[in-house]
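Residue numbers (the working numbering), protein chains in the order written: chain A, 1 to 537; chain Z, 1001 to 1181.
Just below is one structure, and these are the notes that go with it.
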């Protein structure tokens, strides 16, 4: 029995995974996934440490260390994990769905390593120096060198900059892959990229769209990815100017930068992740998974495509819901951008929710496979989190909800952990046999545990954070007198389910492909770089 | 004026009911899609009805809160409203500097809090004895940050920074310094 376990651990379930049969593209995507999962583990462990600190402050660490973790945690989760998994999947899916090679394999490799190394650099800089201005970087906190180490901050920002360069390489690769005409392939009609973005109708002879809806979603989400990377890079350069000046002995005036203007442009860019690319990419992934699971067309497809375009445009104008408690922010922006336009997201995301459910319903009876159950989990996550977000984007309610645990619990964590992450898991479970040339999952029981523990852990943690928030508990604040300990203990218990579910998933995947298989993913492939799958299945 | 705790209780009930409904819906849906053998057609009318419902819901939410949450119109029109009391507070080096040791307000008064920051971005919030929030706002350096609030019942409140401004921000608590008589 022990020998059998060791053999499975080394060679994978039934020895079915043969890394030497993988194309370079398959290996590249699997490397993205491995990097993404490793950073997800970072984020989950950090999250768990923070949960324990909130339940019992001062036992494990001091507040300085806590806030350094809090600064790294969302950035590792979003850039190191989500970006890696999403970028890897899309660099494979766009050429796969358009039946042509990726524009640049080399650039995709650069994206992988820039994100992997950049994430480690900013995480390590924060770990060592306790640089902790949080991801919001409210001016002039990131340049406050009376609190933070200038060297720590410099390396932190440089790490972020590496991630942003890798992100811009991804953007270029996606747009070029959609637009270019590879040698040896049928010539595309003109305006394919414009059509993918939604500004031109381009149809096949049979009346179907030339650019499929999932590719259109990827293209439109990538616009927001590009704009976001531009804003973060610009802000990073500004902060670096202050840091370099400090290193050279100059003390630049903080008042040279208007804190409200800065907050507007930074939230404009940052919100393109939360209210732009995430929603668009997720909707596109739902449509793709629903069609792949059912083998049927998307229900009301023209509405689905229209909603993706509206979502992209709306995402450029909703940033002000983050500034509803800023009294110097013009009232017009608070009402028009903060309330009214943000409400459109209820409509666009509601449409995506309905269309995906309808596509599934019309194909019943369906087998409750792993991709299907995780897809339903992802849909549930956004069904819970989006209305919570719309409620807090109200001038009246924001006055008593802003910066409470409500925001970060039922809205942010339920959206990310239940909505986004379960959608990603659905895609991973679906793509697993395709990307591994038919490797078999080691244990369905572990997959079931993964599903239930993740779902209950994510919703449970969000719920207890939300309850504490409604009772007045602030986010980004440590309470040392036990004011909210009970809620935080329950949130920590729910959080521990999330950690256990991930460990079960990770173990299941390692046992499926084997340690040799995991290591083999990182060895070079001798097959053709232009081939996505060994025999173009 | 309706107390903010009443609004939060209402929100708790409304959102909890919604969560229960959506959980039941998804459970039912997950069960039903594994069953049924004939073609399941969804009429477009159902889709259009759902879209219409979302539009009505999205627009009406803010209209309803404008009509029912009293501090919302006060906030939007505060430049033209005369406050019964005005408190000018400044913040520097993670310290609140108050105009007096205790800020005294009479029941029924409309008070205005003008808070300025000399260095970082902070927050300003009032909290009850049970730690629940009365209200909060952001405090941006270089700008006027003011909020107007009507106090309808006697209570003793605590001032707390509601925005992270470095690890010292947790210490920005002035306990029981606002007294409503």
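Don't be surprised by glycine CBs; every beta carbon is placed ideally from N, CA and C.
Computed from a predicted structure; not experimentally measured.
Between which residues of its own chain and residue 402/A is the CB-CB distance below 6 Å, once the five residues before and five after are set aside?
Within the first chain, the letter at position 402 stands for residue 402/A. Taken in chain order, the residues that qualify are 325.
Span separating the alpha-carbon of residue 212/A from that of residue 356/A:
In the first chain, the residue the question calls residue 212/A occupies position 212. In the first chain, the residue the question calls residue 356/A occupies position 356. Rounded to whole angstroms, residue 212/A to residue 356/A spans 16 Å at the Cα level.
Tell me which residues share the same chain as residue 153/A and place their Cβ nearer than 6 Å to its Cβ, disregarding the 5 neighbours each side in the sequence.
Counting from 1 along the first chain, the entry for residue 153/A is found at position 153. So the qualifying residues of the chain are 131 and 243.
Got a sec: which bits of the region 1005 to 1018 of chain Z sit with their beta carbon under 8 Å from any beta carbon on chain A, in order along the chain?
1007, 1008, 1011, 1012, 1015 and 1018
Bounding residues of the alpha helix (DSSP H) (the contiguous stretch that carries residue 192/A):
Here residue 192/A refers to the residue found at position 192 when the first chain is read from its first residue. That run of the alpha helix (DSSP H) goes 192 to 197.
Can you tell me where the alpha helix (DSSP H) with residue 1117/Z in it begins and where it stops?
In the second chain, residue 1117/Z corresponds to position 117, counting from 1. Unbroken run through residue 1117/Z is the beta strand (DSSP E), 1110 to 1117; no alpha helix (DSSP H).
To the nearest angstrom, how far is it from the Cα of residue 504/A to the Cα of residue 87/A?
Reading the first chain from its first residue, position 504 is the one you call residue 504/A. Reading the first chain from its first residue, position 87 is the one you call residue 87/A. Going from the Cα of residue 504/A to the Cα of residue 87/A covers about 24 Å.
Which whole-angstrom value is the C-beta distance of residue 1004/Z and residue 400/A, which I expect to be below 8 Å?
Reading the second chain from its first residue, position 4 is the one you call residue 1004/Z. Reading the first chain from its first residue, position 400 is the one you call residue 400/A. Confirmed, Cβ separation roughly 5 Å.
I want to see whether chain Z comes within less than 9 Å of residue 251/A, judged by CB atoms only; does it?
As a position in the first chain, residue 251/A is number 251, starting the count at 1. For residue 251/A, the answer is no, since every Cβ of chain Z falls outside 9 Å of its Cβ.
Whose Cβ in chain Z lies nearer than 7 Å to the Cβ of residue 402/A?
Here residue 402/A refers to the residue found at position 402 of the first chain. Under the 7 Å cutoff, chain Z gives 1136.
How far does the beta strand (DSSP E) with residue 1086/Z in it reach, from first residue to last?
By one-based count along the second chain, residue 1086/Z stands at place 86. Here the beta strand (DSSP E) through residue 1086/Z covers 1085 to 1092.
Which residue wins for smallest C-alpha separation from residue 447/A, given the options 221/A, 374/A and 80/A?
Numbered from its first residue, the first chain carries residue 447/A at position 447. Residue 374/A is the option with its Cα nearest to residue 447/A.
Would you verify that the beta carbon of residue 537/A is, or is not, closer than 9 Å to some beta carbon of chain Z?
In the first chain, the residue the question calls residue 537/A occupies position 537. Confidence is the limiting factor: at residue 537/A the pLDDT is only 45, short of 50, which leaves the residue's position unreliable and the question unanswerable from this model.
Is the shortest distance between the beta-carbon of residue 978/Z and the beta-carbons of chain A less than 9 Å?
The question about residue 978/Z has no answer here: the residues shown for chain Z are numbered 1001 through 1181.
What in chain Z is Cβ-close to residue 138/A, meaning under 9 Å?
If you number the first chain from 1, residue 138/A lands on position 138. Result: 1120, 1121, 1138, 1140, 1163, 1164 and 1165.
Cutoff 9 Å: residue 218/A Cβ touching any chain Z Cβ
By 1-based counting over the first chain, the position of residue 218/A is 218. No, residue 218/A lies away from the interface with chain Z (no Cβ there is under 9 Å from its Cβ).
If we call anything under 9 Å between Cβ atoms a contact, is residue 443/A one with residue 511/A?
In the first chain, the residue the question calls residue 443/A occupies position 443. In the first chain, the residue the question calls residue 511/A occupies position 511. Yes, Cβ-Cβ distance for residue 443/A and residue 511/A is below 9 Å.
Since residue 1034/Z and residue 365/A are thought to touch, with beta carbons under 8 Å apart, how far apart are those beta carbons, to the nearest angstrom?
For the purposes of this step, residue 1034/Z is identified with residue 34 of the second chain, where counting begins at 1. For the purposes of this step, residue 365/A is identified with residue 365 of the first chain, where counting begins at 1. Going by Cβ atoms, the distance from residue 1034/Z to residue 365/A rounds to 6 Å, so yes, they are a contact pair.
In whole angstroms, what separates the C-alpha of residue 166/A from that of residue 110/A?
By one-based count along the first chain, residue 166/A stands at place 166. By one-based count along the first chain, residue 110/A stands at place 110. For residue 166/A and residue 110/A, the distance between alpha carbons rounds to 6 Å.
Should residue 537/A be labelled buried (16 or more other beta-carbon atoms within 10 Å of its own) or exposed?
Counting from 1 along the first chain, the entry for residue 537/A is found at position 537. Caution is warranted here: a pLDDT of 45 is assigned to residue 537/A, below 50, making its placement in the model unreliable, and the coordinate value is therefore given only provisionally. It counts as exposed.
Assigned exposure category for residue 26/A - 16 Cβ within 10 Å defines buried
Reading the first chain from its first residue, position 26 is the one you call residue 26/A. Per the 10 Å Cβ criterion, buried.
Among residues of its own chain, excluding the 5 on either side of residue 54/A, which ones have a beta-carbon nearer than 6 Å to its beta-carbon?
In the first chain, the residue the question calls residue 54/A occupies position 54. Answer for residue 54/A: 488, listed in chain order.
Our contact map puts residue 194/A next to residue 200/A with C-beta atoms below 8 Å; I'd like the distance itself, whole angstroms only.
The residue labelled residue 194/A in the question sits at position 194 within the first chain. The residue labelled residue 200/A in the question sits at position 200 within the first chain. With 8 Å as the limit, residue 194/A and residue 200/A qualify as a contact, their Cβ atoms being about 4 Å apart.
Which residues in chain Z sit within 7 Å of residue 328/A, going by Cβ to Cβ distance?
Taking the first residue of the first chain as position 1, residue 328/A is located at position 328. Result: 1140, 1143, 1144 and 1145.
Determine, for residue 1092/Z, whether the minimum Cβ-Cβ distance to residues of chain A falls below 9 Å.
Translated into the one-based positions of the second chain, residue 1092/Z becomes position 92. So no, residue 1092/Z is outside the interface.
Give the DSSP-derived three-state secondary structure of residue 188/A in the structure shown.
One-based indexing of the first chain puts residue 188/A at position 188. Coil, per DSSP.
DSSP state of residue 1157/Z mapped onto helix, strand, coil
Translated into positions along the second chain, residue 1157/Z becomes position 157. If DSSP states are grouped into helix, strand and coil, residue 1157/Z belongs with the strands.
Does any C-beta atom of chain Z lie closer than 9 Å to the C-beta of residue 239/A?
As a working note, residue 239/A is residue 239 in the first chain. No, residue 239/A does not count as interfacial toward chain Z.
Whose CA, out of 508/A, 150/A and 78/A, lies closest to the CA of residue 118/A?
Numbered from 1 along the first chain, position 118 holds the residue referred to as residue 118/A. Selected option, being the one with the closest Cα: 78/A.
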